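Here the structure is laid out as structure tokens; the discussion comes afterwards.
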Amino acid sequence: SQQGEEDPQALSIQEGENATMNCSYKTSINNLQWYRQNSGRGLVHLILIRSNEREKHSGRLRVTLDTSKKSSSLLITASRAADTASYFCATDRPNDYKLSFGAGTTVTVRA
Amino acid sequence: DVKVTQSSRYLVKRTGEKVFLECVQDMDHENMFWYRQDPGLGLRLIYFSYDVKMKEKGDIPEGYSVSREKKERFSLILESASTNQTSMYLCASIGDSPLHFGNGTRLTVT
């Protein structure tokens, strides 16, 4: 069953601006991951944050995790046209390889 | 680099046909998954497999079956395709995290 829900559903920003999207989930998790999907393609892994971590950085990406609120945020700084894509959060539970995905946030970066 | 290859990017089939979607991974991963992706619903797990000849139902297995005769290959079977199975199908494999996805098969059932 669907565990994560992204917010907003869609986001349109100017090149150079930051993009922030949020993910909420329902049950205890082991890890939370963010994936990107370019139009018509499969998903590509961006970043993983473990349940005992609060913040993680990877290049222009910053992920936070608040397990007390069961929520995560993904920040893309200094956005580029190439960041135009759909972004999905996915969670897995302890001792379970299965990932549950949200419906995604579609980000459009205008040149 | 892990490669997950789905045999077809686009497929058009008629209602009632038996449809095979093939997926091959080259990293000796034990775990493989089939998801379908629909607008507004995200990815939903159809079936997964932990090892050769092992399969387990995901969240929406009805109307589907799978086959895992070799470690590198995981096939999704639509026994009798219906129009509500028109969707994007994504195969994935995993050793340790993260999941590695194929590029997807967009199936249209008419």
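Residue numbers (the working numbering), protein chains in the order written: chain A, 78 to 188; chain B, 290 to 399. Where is the CB? At the ideal position from N, CA and C, for every residue including glycine. Because the structure is a prediction, the values reported are computed rather than measured.
The Cβ atoms of residue 293(B) and residue 381(B) lie closer than 8 Å to each other. Using a CB distance cut-off of 8 Å, residue 337(B) counts as an interface residue toward chain A. Residue-level contact check: residue 91(A) does not touch chain B, since none of the beta carbons of chain B fall below 8 Å from its beta carbon. Straight-line spacing of the CA atoms in residue 336(B) and residue 122(A) works out to 21 Å. In the structure shown, residue 160(A) adopts helical secondary structure according to DSSP, grouped into three states. For chain A, the residues of the stretch 307 to 338 of chain B that bring a beta carbon within less than 8 Å of one of its beta carbons are 320, 322, 324, 329, 330, 331, 332, 333, 334 and 337, in chain order.
Contact note: residue 108(A) reaches chain B through 386, using a C-beta cutoff of 7 Å and chain order.
Taking all protein chains shown into account, residue 131(A) has fewer than 16 neighbouring C-beta atoms within 10 Å of its C-beta and is therefore exposed.
Within 9 Å of the CB of residue 134(A), no CB atom of chain B is found; the nearest one sits about 17 Å away. Inclusion of residue 394(B) and residue 295(B) in the CB contact set at 8 Å is warranted, their separation being smaller than that value.
Residue 119(A) is not a Cβ neighbour of residue 331(B), given a cutoff of 8 Å. Contact holds between the stretch 106 to 116 of chain A and the stretch 152 to 171 of chain A, because three or more Cβ pairs, one in each stretch, are under 8 Å apart.
Counting other Cβ atoms within 10 Å of its Cβ, residue 384(B) stays below 16 and is therefore classed as exposed.
In the three-state scheme derived from DSSP, where H, G and I count as helix and E and B as strand, residue 104(A) is classed as coil. Chain order gives the chain B residues near residue 175(A) as 322, 334, 337 and 347, where near means a beta carbon separation below 8 Å.
Proximity of chain A to residue 379(B) at the Cβ level (cut-off 8 Å) is accounted for by 119 and 120, in chain order.
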